[in-house]
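**Student:**
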Amino acid sequence: MNILAIESSCDETAVALVSGDAHQSVRVVSERIASQIDVHARFGGVVPEIASREHLAVLPAMVQDVMRDAQMAWQDLHAIAVTSGPGLMGALLVGTSYARGLSRTTGLPVIPVHHMEGHLLAPGLSSALPAFPFMTLLVSGGHTMLVRVNAIGDYHLIGQTIDDAAGECFDKSARLLGLSYPGGPSIAKAAEEGDATRFALPRPMLHKPGYDFSFSGLKTAVMYTMKKQEHWSEQDKADLAASVQAAIADVLVKKTVKACVDEGVTSLIVAGGVAANQCLRMQLHKAADCAGLQVHVPDAKYCTDNAAMIAYAALYHMTDTTPDAWDVNPRWSLFASRG
Ligand code: KG4
Ligand code: ZN
4 MNILAIESSC
14 DETAVALVSG
24 DAHQSVRVVS
34 ERIASQIDVH
44 ARFGGVVPEI
54 ASREHLAVLP
64 AMVQDVMRDA
74 QMAWQDLHAI
84 AVTSGPGLMG
94 ALLVGTSYAR
104 GLSRTTGLPV
114 IPVHHMEGHL
124 LAPGLSSALP
134 AFPFMTLLVS
144 GGHTMLVRVN
154 AIGDYHLIGQ
164 TIDDAAGECF
174 DKSARLLGLS
184 YPGGPSIAKA
194 AEEGDATRFA
204 LPRPMLHKPG
214 YDFSFSGLKT
224 AVMYTMKKQE
234 HWSEQDKADL
244 AASVQAAIAD
254 VLVKKTVKAC
264 VDEGVTSLIV
274 AGGVAANQCL
284 RMQLHKAADC
294 AGLQVHVPDA
304 KYCTDNAAMI
314 AYAALYHMTD
324 TTPDAWDVNP
334 RWSLFASRG
């Protein structure tokens, strides 16, 4: 199967051509990612209207580039996959409308893909997915969820954040520290020079029963810590960045490992933008080893938003194409039926 995929749910425009079969090996033949980070950085976060316009400006040329690099013609393809939710309404409409236009001219079916299912299955791009059931920790800018995966499409919510997502906590803390957007990579970079034990930040919900998370109090603790002293040297900032990164990782790791043990699953996937965080990856591997769990994490470039993961997820939905019976759904739940 050859699938051309388009991802435009937030602030990255991505196009990829993936070849293969869901249950065998897959290959990313060609891909392009255009980040809008520079455009949104001066606003400290994503501006939806600007995001839509940027997607529209770059998408047609990116599709052409990916097709040219792959040296494939439209008749070599089997489907067009596109993210249809969740995400920003306007941004999703740009990608899905463009996919529908391509479908009209080429006769190829369009497969709508859930953005978080793309993240969830992304480790399959580099090696076989673990046997079912497995646990997934989905950590992105908008989501923090523990999902038990019994089969493709059979997803059970085990826990989730009751307020801010982990990525949001990185982004808001970075803003307080005067670090650039997106906050995750900025905090990780600053933390390299920092002492994670310098500031005693809370570990919200860690000792509460259940598997839900809460990160808004942590961000508030960063704010109060910053108010305690007037002048912040680069070293102070690095220490606070390292402390907040350690607090986020600590809560995610402990709750996730406990959920796996309690649910009796032995494999864990960690996906979404925050899964690119090296401190989190290291701590998870260490704790998982002790608990006898196997951890599967996508290559760093497939943790953050990309189109290869959308093409890969589409491979599992090749038979449920209903060309016009779906629409974008900015609030599409991973636990609702497809569409
Ligand atoms: O999955 P993603 O690319 O987009 C969404 O679907 O939200 O995730 C973006 C989030 C942002 O909050 C960003 O700060 C965070 O992932 N992120 C990171 C790292 N890279 C991206 N957080 C921590 N460490 C990183 N290296
Ligand atoms: Zn994402």
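Under the numbering used here, the letters of the sequence shown match residues 4 to 342, in that order. Positions of the beta carbon are idealized from the N, C-alpha and C atoms, including for glycine.
(1) Determine which residues share a DSSP beta bridge with N5 and list them.
(2) Going straight from the alpha carbon of K257 to that of L20, what length do you get?
(3) In the structure shown, what three-state DSSP assignment does M148 receive?
(4) Measure the C-alpha to C-alpha separation of M70 and W77 and round it to an integer number of angstroms.
(5) Note down the Cα distance separating D215 from S12, rounded to an integer number of angstroms.
(6) Could you give the first and the last residue of the continuous beta strand (DSSP E) run that contains D167?
(7) Return yes when at least one heavy atom of ligand 1 lies under 8 Å from the C-beta of P126, else no.
(8) Starting from E120, trace the alpha helix (DSSP H) in both directions and tell me its first and last residue.
(9) Span of the alpha helix (DSSP H) holding L105?
(10) List in chain order the residues whose CB is within less than 5 Å of at least one heavy atom of ligand 2.
(11) May I have the straight-line CA-CA distance separating A259 from F218, to the nearest angstrom?
(12) Is I155 helix, strand or coil by DSSP?
(13) Helix or strand or just coil, what does DSSP make of G187?
(14) Sorry if obvious, but does the Cβ on P188 come closer than 8 Å to a heavy atom of ligand 1?
(15) Taking the alpha helix (DSSP H) that L287 belongs to, which residues open and close that run?
(16) When DSSP labels each residue in this structure, what does V268 get in the three-state scheme?
(17) Based on the DSSP secondary-structure assignment, which residues constitute the bridge partners of M226?
(18) Excluding the five sequence neighbours on either side, which residues of its own chain have a C-beta within less than 6 Å of the C-beta of L7, listed in chain order?
(19) Would you mind sorting E196 into buried or exposed? The rule is 16 or more other CB atoms within 10 Å of its CB.
(20) Would C263 be called buried (16 or more neighbouring beta carbons within 10 Å of its own) or exposed?
**Tutor:** Once the coordinates are examined:
(1) S22
(2) 37 Å
(3) strand
(4) 8 Å
(5) 25 Å
(6) From DSSP, D167 is part of no beta strand (DSSP E); its letter is neither H nor E.
(7) no
(8) 118-124
(9) 92-109
(10) S143, D308
(11) In the sequence on display, residue 259 carries Thr and not Ala. T259 and F218: Cα-Cα distance of roughly 15 Å.
(12) coil
(13) helix
(14) yes
(15) 281-294
(16) coil
(17) Answer is none; M226 lacks a bridge partner.
(18) L20, L80, I83
(19) exposed
(20) buried
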